[in-house]
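First the structure, in the form of structure tokens, and then the observations on it.
Encoded structure:
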């Protein structure tokens, strides 16, 4: 669950009632699975773009072949002119993930972009609200059903991404692509599924 409270000058600030970021992470991002232009820090929980070049990708050092999994990212730094994409990727037939292109560009990745669009194979497969610095963007992956749901500040986006049976490439891995020097996200691997009963 989540709620909002008043922020400065009457703005609303998102508050996670189930803040678990102080717990030991269930999984991490690894420099060995990130593009050289991506920095990984904070015990594998913080991912930062280090240069001004195009989108670059970081993949988590975690793979799933079954089950239902939820995690969320806090967009800690992102200029209004920059972008980031949050999502899932799977290994290609060659066993590699392309770290040089934005998530959602190829057949092995699905994403929710900060512009509000969800992409797969460079096509828009759904539209939700844009997100910005300070927002929390969640991902709910159901491997069995072949679905991906996205959340913004604990609220489910009005889009359900269906992974077609012939597109399934197991295992699946959390991933993020960043654009713009200094763009930074922090993952919470212990985040609680907003759809689960508490």
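Numbering (the numbering used here), first residue to last: 1 to 198.
C-beta atoms are modelled at their ideal positions from N, C-alpha and C, and glycine is treated no differently.
Values in this document were obtained by computation on a predicted structure and should not be read as measured data.
Beta-carbon proximity check, residue 26 vs residue 44, cutoff 8 Å: Counting from one through the chain shown, the residue named residue 26 turns up at place 26. Counting from one through the chain shown, the residue named residue 44 turns up at place 44. No, Cβ-Cβ distance for residue 26 and residue 44 is not below 8 Å.
Stretch-stretch touch, CB-based, cutoff 8 Å, three pairs: the region 73 to 86 with the region 121 to 139: Contact holds between the region 73 to 86 and the region 121 to 139, because three or more Cβ pairs, one in each stretch, are under 8 Å apart.
Residue range of the unbroken beta strand (DSSP E) whose run includes residue 161: Position 161 of the chain shown, counted from the first residue, corresponds to residue 161. First-last of the beta strand (DSSP E) with residue 161: 155 to 162.
Given 8 Å, three or more beta-carbon pairs between the region 115 to 134 and the region 33 to 52: Three or more Cβ pairs closer than 8 Å define a contact, and the region 115 to 134 falls short of that threshold against the region 33 to 52.
CA nearest to the CA of residue 199, picked from 90, 40, 67 and 100: Given a span of 1 to 198 for the chain in the structure shown, any question on residue 199 remains unanswerable.
According to DSSP, residues forming a beta bridge with residue 137: One-based indexing of the chain shown puts residue 137 at position 137. Answer is 73 and 152.
For residue 149, the nearest candidate out of 87, 47 and 108 (CA to CA): Along the chain shown, one-based indexing puts residue 149 at 149. Comparing Cα-Cα distances from residue 149 to each of 87, 47 and 108, the minimum goes to 87.
Nearest to residue 142 (by Cα), restricted to the options 68, 64 and 122: Here residue 142 is taken as the residue at index 142 of the chain shown, counted from 1. Of 68, 64 and 122, the residue nearest in Cα terms is 68.
Nearest-angstrom Cα separation, counted from residue 90 out to residue 202: In this structure the chain extends from 1 to 198, so residue 202 is not present and cannot be described.
Cβ neighbour criterion (16 or more within 10 Å) applied to residue 32: Against the chain shown, residue 32 aligns to sequence position 32. Label assigned to residue 32: exposed.
As assigned by DSSP and simplified to three states, the class of residue 91: As a working note, residue 91 is residue 91 in the chain shown. Residue state, collapsed to three classes: coil.
With 16 other Cβ atoms within 10 Å as the buried cut-off, status of residue 195: As a working mapping, residue 195 is identified with position 195 in the chain shown. Under this definition residue 195 is an exposed residue.
Beta-carbon contacts of residue 130 that lie in its chain and below 8 Å, excluding the five residues immediately before and after: As a working note, residue 130 is residue 130 in the chain shown. Result list for residue 130: 114, 115 and 116, in chain order.
Residue 165 - DSSP class collapsed to helix/strand/coil: Walking along the chain shown from the start, residue 165 turns up at place 165. DSSP places residue 165 in helix when its eight states are reduced to three.
Proximity to residue 133 [Cα-Cα], best of 82, 156 and 189: For the purposes of this step, residue 133 is identified with residue 133 of the chain shown, where counting begins at 1. Checked all of 82, 156 and 189; the closest Cα to residue 133 is 82.
Burial state of residue 23, where buried means 16 or more other Cβ atoms lie within 10 Å: As a first step, residue 23 is located in the chain shown; it is residue number 23 there, counting from the start. Counting Cβ neighbours within 10 Å, residue 23 comes out exposed, since fewer than 16 surround it.
Beta-bridge pairing of residue 178 - partner residues as DSSP gives them: Against the chain shown, residue 178 aligns to sequence position 178. Looking at the DSSP assignment, residue 178 forms a beta bridge with 56 and 84.
CA-to-CA distance, residue 109 to residue 172, given in whole angstroms: Sequence index remark: in the chain shown, residue 172 carries index 172 (1-based). Sequence index remark: in the chain shown, residue 109 carries index 109 (1-based). If I take the Cα positions, the gap works out to 9 Å.
Residue 93, buried or exposed, once every other Cβ within 10 Å from all chains shown has been counted against 16: Within the chain shown, the letter at position 93 stands for residue 93. Its pLDDT being 46, under 50, residue 93 is placed unreliably in this model, and the coordinates cannot settle the point.
Simplified DSSP assignment, three categories, for residue 48: As a first step, residue 48 must be located in the chain shown, where it is residue number 48. Strand, per DSSP.
Collapsed DSSP secondary structure at residue 195 in the structure displayed: Start at 1 with the first residue of the chain shown, and residue 195 comes out as number 195. Note: residue 195 maps to coil in three-state DSSP.
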